[in-house]
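Novice:
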Amino acid sequence: MLQVSIYRYNPETDSAPYMQEFQVDTQGRDVMVLDVLHMVKEQDNGMAYRRSCREGVCGSDGMNMNGKNGLACITPLSEVVKDGKLTLRPLPGLPVIRDLVVDMGLFYKQYERIQPYLQNDTPAPAIERLQSPEDRDKLDGLYECILCACCSTSCPSFWWNPDKFVGPAGLLQSYRFLADSRDTATRDRLAELEDPFSVFRCRGIMNCVAVCPKGLNPTRAIGKIRDMLLANAT
Amino acid sequence: MSNMRSLSFDAIIIGGGGAGLRAALELAKSGKKTAVLSKVFPTRSHTVSAQGGITCAIASADPNDDWRWHMYDTVKGGDYIADQDAAEYMCSEGPKAVFELEHMGLPFSRFDNGRIYQRPFGGQSKEFGAGGQAARTCAAADRTGHALLHTLYQNNLKNNTTFLNEWYAVDLVKNANDDVVGCIAMDIETGEVVHVKSKATVLATGGAGRIYASTTNALINTGDGIGMALRAGFPMQDMEMWQFHPTGIYGAGTLVTEGCRGEGGYLVNKDGERFMERYAPNAKDLAGRDVVARSMVMEILEGRGCGENGDHVFLKLDHLGEEVLGKRLPGIVELSKTFAHVDPAKEPIPVVPTCHYMMGGVPTNIHGQAIMQDADGNDKIINGLFACGEAACVSVHGANRLGGNSLLDLVVFGRAAGMYIEGALNEGIEYLDASESDIESAMKRMNRWNESTGGETVPELKRELQSIMQNSFGVFREEKNMVEGVKKLAELRERIANAHLPDKSNAFNTARVEALELDNLMEVAEATAISALERKESRGAHSRYDYPDRDDVNWLKHSLYFPADKKLGKRDVNFAPKTVDTFEPKVRTY
């Protein structure tokens, strides 16, 4: 029997959040945390969490598992359970809607702020724009982001200034377009980030790197943006 | 219900996957008042899971490539019940749609000359089958769906599309003339139920793989659009045609792309034999998916399966080397380690045919307009209703879809629907408003769940449905088993009609969403079962022990399932492409 402790809050009935204990019989199998949640939901129909692809590519089920952010669907129990116990909480730092479901509004707003789309002011050719494999390689480690918010919600700078600091996820995407040989908006993109908060609130804590379920490195991308901003300023 | 809030749009697009977002983009650019209504944040839609690529004759790998060859492959792959006007449209318009995606920023992999990387996929040929294997699938490593979906979402942001994210469409609203004039939808976060009025309602709700116990599909693939259309009384086409992907990871069901075999991987049985050489001497592991899936099941049934129970086969990739795997198939390496506990650079991946794709769906023309039949059996446009993507059956996939054609289908027909709707709105669309009672009838099943006081629960009924479908309507089918399955489904329908939703709360009530989804799974399952039982032949993915041959005399037809009397009718396949000669049905070999 696995002892699972889960953060519960239903705005209609609870005046404050609380932790609820469940006993789950995994029959000794090393299932994923998401499978455990399905079993809990059969015990308590009202348990709320997001899920979709169940294979780590859609980014729905980011949550805090025994203190560390990650995706429930690709985290096996053997990776997180300590002393037969699993504690599940919503991603930290965002308002809770219900149980493990957080309001991602601020996170998405920061993503939208960096204009996450290719901008190119030259007329499009009749075929594709050419890009060398070397230039394309520069997007590896950037475009794979699944917007799960594990990184930004583990970042103390984002907790403090979620309205002004773009956060690791947004900045990773910002650099994805800065690094794209097909994008011509570099100057405008950098101008948008020049203030003391948007980029420079990053203190290099690197929680984002430690938790990214896709193995991406937002801190490195932020470092590159800093370099570009500094080069621009001189 | 007079106190129900209503929202009004020119067009409402239900579903935020590739097809929905492509249609929305077209309409947002035109300045029409458009909204995408999606039960998940759009980048969580199932398009994100597509791996291997988007098949299209952009003439990059082969400068002489020809969309007509792609069309031939598509028609042959579909075992000749793909509509040839639709396949022609998709394959010829495809390059334009793919180049648009690239211009939007999709990070395609590249060849040394800077053009888009293309890899070989199953069922691809040059020169109408005579020129050997083609390499026609445009790829962004093995994350093409992810790259495509994010690119489309990003461009919708750029064009200020309105999003109703985490809203769930409950049912279509029809007016007194049976025109579709919107839907009833629930804001999942608050539980508020809203009447969404629209001049054009687009079903882009994707597939329904969750009717099977073992599927590559996301948990959200519950056929919501199909369920809504069936409850509204509209027919479904070719619902017996379900693709079982050869390489689902054994046990987990997660997909391993056909691109693995495109890059040189192959299947082996327990003796280490590359058995596809026996079943498809020319194309081998890159034969049509239906052919490969059946061959795998034959190997397993004849005792040559792998593992303790001999119930799967192996996909061998280690000979490709770490560099190719890291460069071309990085996602597969990740998935194999996570779900099969196998490093494909060292060991083979255990795989088994797994439900993957619904070839059937809402019958449409190439503009995405939904179609029904009049009393004389002629096609009749359903006013106000459109469909595109997997939810639609246009039909470009016929009885078996080729790998990489689903992403092309999404963007080409999402775009086509958007363009058509823009034109129609410009000309002016006026339908009668829905009356109170029209809205009431669309609220029926929602009210039923909300008023339920006891009965069986959703998870156990869902499991039962999935097991019936898995056992009676899998890769191989036969009458007796299917009759039994249809009977069990009829009983299950009664039980679902009396099932219980214990949690009646409003805020982010996922239990209510799952209950509403169960109704849709039931509709899709029954349409599938009855269509499969009545199509008395074997064609493409529909394979019967009791009718092992293709029957072109009686069944060179679409099936059309009518929900009112649960009867199966037929509809003519289009054999009249506009710019090329018809591809006449031939015996299909690889």
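Here the protein sequences come in this chain order: A and B. Here the first sequence is numbered in our numbering, starting from 7 and rising by one per residue. Here the second sequence is numbered in our numbering, starting from 691 and rising by one per residue. For every residue, glycine included, the Cβ atom is placed at its ideal position computed from N, Cα and C. A quick note: this is a predicted structure, and the numbers were derived from the prediction, not measured.
1. With DSSP run on the structure shown, which of helix, strand or coil describes I703/B?
2. Nearest to S58/A by CA position, among I80/A, L222/A, L148/A, is which residue?
3. Using the Cα positions of H885/B and S1125/B, report the straight-line distance between them to the nearest angstrom.
4. Taking C-beta pairs closer than 7 Å, name the residues in chain A that L1025/B reaches, listed in chain order.
5. Drop a sphere of 10 angstroms on the beta-carbon of L222/A, count the other beta-carbons inside from all chains shown, and report buried for 16 or more, exposed for fewer.
6. Give the range of the beta strand (DSSP E) segment to which V172/A is assigned.
7. Quick check for students: name the residue ranges of the alpha helix (DSSP H) that lie wholly in the region 1142 to 1199 of chain B, counting only runs of 4 or more.
8. Counting only the same chain and skipping the five closest in sequence on each side, list residues whose C-beta sits under 8 Å from that of Y117/A.
9. Which bits of chain B does R104/A rub up against, with CB to CB less than 7 Å?
10. Only counting the same chain, and skipping five residues up and downstream in sequence, which positions put a Cβ closer than 7 Å to that of L842/B?
11. Since S728/B contacts W857/B with CB under 8 Å, what's their CB separation in whole angstroms?
12. Out of curiosity, what's the CA-to-CA distance linking M691/B and E1130/B?
13. Residues in the same chain with beta-carbon distance under 6 Å from R695/B, minus the five sequence neighbours each way, listed in chain order, please.
14. What number of angstroms, rounded off, separates the C-alpha of G111/A from the C-alpha of A1077/B?
15. Quick one: what does DSSP say M691/B is sitting in, helix, strand or coil?
16. Hey, quick one: how far does the alpha helix (DSSP H) through A988/B stretch, first residue to last?
17. Within a Cβ cutoff of 8 Å, which residues of the same chain sit near S163/A, ignoring the five residues on either side of it in sequence?
18. Mark V1173/B as exposed unless 16 or more other C-beta atoms lie within 10 angstroms of its C-beta, in which case mark it buried.
19. Report yes if the C-beta distance between G68/A and A155/A is below 8 Å; otherwise report no.
20. Report the partner residues of V1003/B according to the DSSP bridge assignment.
21. With DSSP as the reference, identify every bridge partner of L945/B, one or two as the case may be.
22. Looking only at its own chain, which residues have a Cβ that is under 6 Å from the Cβ of A725/B, when we skip the five neighbours before and after it?
23. Does DSSP classify A714/B as helix, strand or coil?
24. Does DSSP put V37/A in a helix, in a strand, or in coil?
25. Give a yes or no on whether the minimum CB-CB distance between A1035/B and chain A is below 8 Å.
26. Run through chain B and tell me which residues come within less than 7 Å of Q137/A, C-beta to C-beta.
27. Shorter than 8 Å from the beta carbon of M691/B to some beta carbon of chain A?
28. Measuring straight from C-alpha to C-alpha, what distance separates V981/B and V730/B?
29. Mind listing the chain B neighbours of I231/A? Cutoff is C-beta to C-beta under 8 Å, in chain order.
30. For the region 1163 to 1195 of chain B, which residues have a beta carbon sitting closer than 7 Å to at least one beta carbon of chain A?
31. According to the Cβ coordinates, are F1004/B and L945/B closer than 8 Å?
32. Note down, in chain order, every chain B residue with its Cβ under 9 Å from the Cβ of L77/A.
33. May I ask you to list, following chain order, the residues of the region 899 to 910 of chain B that have a beta carbon less than 8 Å from some beta carbon of chain A?
34. Taking the C-alpha atoms as reference points, what is the distance between C996/B and E1154/B?
35. Which class does A1082/B belong to by DSSP, given the choice of helix, strand or coil?
36. Could you please tell me which residues of the region 766 to 790 of chain B, in chain order, have their CB closer than 7 Å to any CB of chain A?
Specialist: If we stick to the structure as given:
1. strand
2. I80/A
3. 12 Å
4. E61
5. buried
6. Segment: none, V172/A is in no beta strand (DSSP E) and carries neither H nor E.
7. 1148 to 1162, 1169 to 1187
8. L153, A175, G176, Q179
9. A1197, F1198
10. G708, L711, R712, L715
11. 7 Å
12. Confidence is the limiting factor: at M691/B the pLDDT is only 49, short of 50, which leaves the residue's position unreliable, though a coordinate-based value still follows. Roughly 7 Å between the two C-alpha positions.
13. V884
14. 30 Å
15. Reliability fails at M691/B, whose pLDDT of 49 lies under 50, so the model's placement of it is uncertain and the value that follows must be treated cautiously. M691/B falls in the coil class under three-state DSSP.
16. In the sequence on display, residue 988/B carries Met and not Ala. Segment 979 to 991, the alpha helix (DSSP H) holding M988/B.
17. F171, G173, R207, C208, R209, I211
18. exposed
19. yes
20. V1041/B
21. G938/B
22. F699, I702, T852, L854
23. helix
24. coil
25. no
26. R800, G804
27. Because M691/B sits at a pLDDT of 49, beneath the cut-off of 50, its placement in the model cannot be relied upon, and the following sentence gives the value as read from the coordinates. No, its Cβ sits nowhere closer than 8 Å to a Cβ of chain A.
28. 34 Å
29. Neighbours of I231/A on chain B: none; closest Cβ ~18 Å, over 8 Å.
30. P1192, D1193, S1195
31. no
32. Those within 9 Å of L77/A in chain B number zero; the least Cβ separation is about 10 Å.
33. A908, L909, I910
34. 28 Å
35. strand
36. F789
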